[in-house]
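Asks: So in the numbering used here, spot 54 of the sequence shown is number 291, and the numbers just go up one at a time. Cβ atoms here follow ideal geometry from the backbone N, Cα and C, with glycine treated the same way.
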Amino acid sequence: MYRRLIRAVRAVDPHAWLFVEPTVLVGQGVPTSLPGFTDPRPGPDRIGYAPHFYDTAVESGQDWDPNGGFIEKYEAAVAGYPTAHRLPVLVGEWGPPRATTPGNAELIRRQVRSMPSFASGWAMWYDCDAPDGGGYCVRGADGRPAPGKEPAFAPYARAVAGTPGPESYDPTTGTYRLRLTAGRPTHRAWTEITLPAAAYPRGARVSVEHAPAAVVRVTDAIARVRLPAARPGTSVTVTVARR
238 MYRRLIRAVR
248 AVDPHAWLFV
258 EPTVLVGQGV
268 PTSLPGFTDP
278 RPGPDRIGYA
288 PHFYDTAVES
298 GQDWDPNGGF
308 IEKYEAAVAG
318 YPTAHRLPVL
328 VGEWGPPRAT
338 TPGNAELIRR
348 QVRSMPSFAS
358 GWAMWYDCDA
368 PDGGGYCVRG
378 ADGRPAPGKE
388 PAFAPYARAV
398 AGTPGPESYD
408 PTTGTYRLRL
418 TAGRPTHRAW
428 TEITLPAAAY
438 PRGARVSVEH
448 APAAVVRVTD
458 AIARVRLPAA
468 RPGTSVTVTV
478 ARR
């Protein structure tokens, strides 16, 4: 089925990224049995891996057990396939219906910390913006993050002009740091960092270390940094702080 679908999409679109999804068993620590796939498009393959990241006990209404080993089993199960087939990883769905209980709130925190170790991005599942819409709400009636789901509303680098390195965020102080290695200088390449209103309600300040003549532009939602004079290979640190 996967091979037929890949061929069918490529017959009309040689450019789109295609993501293969394993069964939900990967969430129980069972590695996928999918084979590798070839991309008939000209040029480099554009096939990725999109597992879900759900604990079935939580999905059935239980509070998450931090001692149950779910995160560790998932990390062990999910990494082998994309590593073996050199695929980027996008977690296609994750997140408990509600995070108002201690265990589920801790699950949110741990999943947010876990995913950068094996995924280049993720999409939290939700089906409402306010609590009167049922489960899987991401915002409360006041428009702020739903209780317990605040860690999902964190800044992150959505584009990096260079080679991305470690990034960190302290939700208590609102301090975000990104370390990158500068590439070839260009006046058109920008590093872009999202600035969620929940994290920076009064705006943000941006500083850049080890990059002379860095250009910084900050809007309500995005911080943009350009490094026109940084020597290739220079380690640069971008820091975002609350106003």
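1) DSSP has residue 372 in a bridge; who is on the other side?
2) How far does the alpha helix (DSSP H) with residue 296 in it extend, from its first residue to its last?
3) Strictly by DSSP, which residues pair up with residue 406?
4) Look at the alpha carbon of residue 319 and the alpha carbon of residue 259, and state the distance between them as a whole number of angstroms.
5) Among residues of its own chain, excluding the 5 on either side of residue 307, which ones have a beta-carbon nearer than 7 Å to its beta-carbon?
6) Using a 10 Å radius around the Cβ and a threshold of 16 neighbouring Cβ atoms, would you call residue 335 buried or exposed?
7) Considering Cα atoms alone, identify which of 271, 247, 402, 352 is closest to residue 322.
8) Taking the alpha carbon of residue 449 as the point to measure from, which residue in 296, 305, 471, 254 has its own alpha carbon closest?
9) Does the Cβ-Cβ distance between residue 460 and residue 430 come in under 8 Å?
10) Note down, one range per segment and in chain order, each alpha helix (DSSP H) of at least 4 residues found wholly within the stretch 269 to 349.
11) Taking residue 541 as the reference, give the member of 410, 452, 284, 447 with the closest Cα.
12) In terms of residue numbering, what span does the alpha helix (DSSP H) encompassing residue 394 cover?
13) Could you tell me how far apart the beta carbons of residue 355 and residue 315 are, in whole angstroms, since I believe they sit closer than 8 Å?
14) Which word fits residue 352, buried or exposed, when buried means at least 16 other C-beta atoms lie within 10 angstroms of its C-beta?
Replies: Per the coordinate set shown:
1) DSSP, once it has assigned bridges, lists no residue as partnering residue 372.
2) 293 to 296
3) 413
4) Just so you know, the alpha carbons of residue 319 and residue 259 end up roughly 11 Å apart.
5) 292
6) buried
7) 271
8) Distances from the alpha-carbon of residue 449 to those of 296, 305, 471, 254 put 471 closest.
9) yes
10) 293 to 296, 307 to 322
11) Only positions 238 to 480 of the chain appear in this structure, which leaves residue 541 out of reach.
12) From DSSP, residue 394 is part of no alpha helix (DSSP H) but of the beta strand (DSSP E) over 394 to 396.
13) At roughly 6 Å, the Cβ-Cβ gap stays under 8 Å, so residue 355 and residue 315 are in contact.
14) buried
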